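First to last, the protein sequences are chains A and B. Residue 20 is where the first sequence starts when you use the numbering used here, and the numbers rise one by one after that. Residue 51 is where the second sequence starts when you use the numbering used here, and the numbers rise one by one after that. Ideal Cβ positions, reconstructed from N, Cα and C, are used throughout, including at glycine. All values reported here derive from a predicted model rather than from experimental measurement.
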Amino acid sequence: MKLKVITGILLLLFVLIVSCQNDKGLDFNRYYSAGKLVYQNHCQNCHGENGEGLQALMPPLNDSVFLKKNIHILPCLVKNGFQGKITVSKRNFDWQMPPANLNYIEIAQALTYITNSFGNNLGTVTFEDVTAAMSKCK
Amino acid sequence: MKKLLTAIAIILVWSACKFNSNDKKLPIYGNRQAVTKVVNGQNVTDTVYQTIPSFKFINQYGDSISDKQLAGKIYVADFFFTSCPSICPIMQRNMLNVYNTYKNTGDVNILSFTIDPKYDSVKVLKKYADKLGVTGKTWWFLQGKKDATYTLAEKSYLVAVSKDTTVPGGYVHQGYFVLIDKQKRIRGSYDGTSPEQVTQLIDDIKTLKAEPASANTQ
Chain A
20 MKLKVITGIL LLLFVLIVSC QNDKGLDFNR YYSAGKLVYQ NHCQNCHGEN GEGLQALMPP
80 LNDSVFLKKN IHILPCLVKN GFQGKITVSK RNFDWQMPPA NLNYIEIAQA LTYITNSFGN
140 NLGTVTFEDV TAAMSKCK
Chain B
51 MKKLLTAIAI ILVWSACKFN SNDKKLPIYG NRQAVTKVVN GQNVTDTVYQ TIPSFKFINQ
111 YGDSISDKQL AGKIYVADFF FTSCPSICPI MQRNMLNVYN TYKNTGDVNI LSFTIDPKYD
171 SVKVLKKYAD KLGVTGKTWW FLQGKKDATY TLAEKSYLVA VSKDTTVPGG YVHQGYFVLI
231 DKQKRIRGSY DGTSPEQVTQ LIDDIKTLKA EPASANTQ
């Protein structure tokens, strides 16, 4: 009897964990596939199909270290644009990025796509992450 | 009957050779008109094609560039502006392929006219060219009076450009690459945002280079 209850509880826990993980995975897939479209429409012209950037004009998006370090300011850069010097992949860039006309969910989707493509693997950037980051924009 | 067959066979062989020959010619675009002249007492009708009129602009090095420097040369023209967020980067990405193919040949030029001369000063154009990795005298980024640029684009290169505050960057323009031959005639127009069409352009320049400078191609 005791064994049955323990087994039952363990089974429940197992199902819970698996389904939660699936939910998380599902979330990621939703963000990622929607993000690909946002990327194609708003980012790809400059940053390239494979995030390779454009010569010394547009920085590449495959610098995982840079992305991870700046993940909290990336939503602000995308939303408000950026002008000035920036070092990506050990190369210096000094041009301007126009503000993107995107809402928070689209920014979350685009950033999820970028930070998990081109050799990056940084997990989901959620709507909540973007909202939190946007409140701290300089 | 046998003779007829032989004749047909000969014609077939001849035409097969004729059509197989690599005698590819590019069409000539733009307005054309027939001009009748009197040569040696006889009326001779000739076709006169639209050509690019004389122009004078400043390149990214601050040098004055006119149609004279391009006499007898093949060139590709496009219209852009450095702060353009939409199609320009993808056009320049593709134009870099043209540049890298012909930068050392000396007889092919690329002319990128800015449609925003107010912002795109010589200094800005030089910085842009440097960052794009463009050096030497093959690819010129040209700045001139706005009216002159717009007239040249629309009347001569047949590319539409206009100011529009409602679009990102403030200008609408078509991303065409226009191919001009040694006689200043338009020989091709390619969508600069399409890698396939730009590959075609690179091929067509090769065809054009093989054409004699004085040939009256029909």
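| Asked | Found |
| --- | --- |
| Reference B/T249; option with closest CA among B/K181, B/M145, B/K173 and B/Y178 | B/M145 |
| Length of the line joining the Cα atoms of B/T199 and A/S52 | 42 angstroms |
| A/L80: contacting residues in chain B (beta-carbon distance under 8 angstroms) | The premise fails here: A/L80 is roughly 14 angstroms from chain B at the closest Cβ pair, so nothing lies under 8 angstroms. |
| Proximity to A/K98 [Cα-Cα], best of A/M153, A/I36, A/K21 and A/F33 | A/M153 |
| Test: A/A152 CB closer than 8 angstroms to a CB of chain B | no |
| B/V148, DSSP secondary structure in three states | helix |
| Nearest-angstrom beta carbon gap, B/Y152 and B/T188 [assumed within contact, 8 angstroms] | 7 angstroms |
| C-beta atoms of B/A127 and B/Y207 nearer than 8 angstroms | yes |
| Close beta carbons around A/W114, own chain, < 6 angstroms, minus the five adjacent residues each side | L76 |
| When A/I36, A/L29 and A/T150 are compared against A/C95, the one with the closest alpha-carbon | A/T150 |
| Chain A within 8 angstroms of B/K181, Cβ atoms only | yes |
| Boundaries (first-last residue) of the alpha helix (DSSP H) holding B/K34 | Past the edges of chain B, shown from 51 to 268, lies residue 34 of chain B, and the structure says nothing about it. |
| Same chain only: Cβ atoms within 6 angstroms of A/G67, ignoring 5 sequence neighbours per side | none |
| Neighbourhood of B/Q224 by C-beta distance below 7 angstroms, restricted to the same chain and skipping five residues each side | V209 and A210 |
| Start-end ranges of the alpha helix (DSSP H) lying completely within the stretch 119 to 171 of chain B, minimum 4 residues | 138 to 152 |
| Straight-line gap, A/L73 to B/A121 (C-alpha atoms, nearest Å) | 32 angstroms |
| 6 angstroms CB neighbourhood of B/N109 in its chain, flanking five on each side removed | I115, W190 and L192 |
| Own chain, CB closer than 8 angstroms to B/A265, minus 5 neighbours either side, in chain order | Any answer about B/A265 is weak, because its pLDDT of 48 lies below 50 and its placement is not dependable; what the coordinates show is given next. Nothing listed; no residue qualifies. |
| With 16 other Cβ atoms within 10 Å as the buried cut-off, status of A/Y58 | buried |
| B/L55 classed as buried or exposed, judged by whether at least 16 other C-beta atoms fall within 10 angstroms | exposed |
| Partner residues on chain A for B/I277, Cβ-Cβ distance less than 7 angstroms | A query on residue 277 of chain B cannot be resolved here, the shown segment of chain B reaching from 51 to 268 and no further. |
| Nearest-angstrom Cα separation, counted from A/G103 out to B/I137 | 22 angstroms |
| Buried/exposed call for A/E147, threshold 16 Cβ in 10 Å | exposed |
| Proximal chain A residues relative to B/S136, where beta-carbon distance stays under 7 angstroms | N64 |
| Straight-line gap, B/E204 to B/Y99 (C-alpha atoms, nearest Å) | 17 angstroms |
| B/Y125 and B/V148 closer than 8 angstroms at C-beta | no |
| Boundaries of the beta strand (DSSP E) in which B/I255 is found, first to last residue | Run containing B/I255: none in the beta strand (DSSP E); it sits in the alpha helix (DSSP H), P245 to A260. |
| Selected residue, minimal CA-CA separation from B/L182, among A/P78, A/P117, A/N122 and A/N69 | A/P78 |
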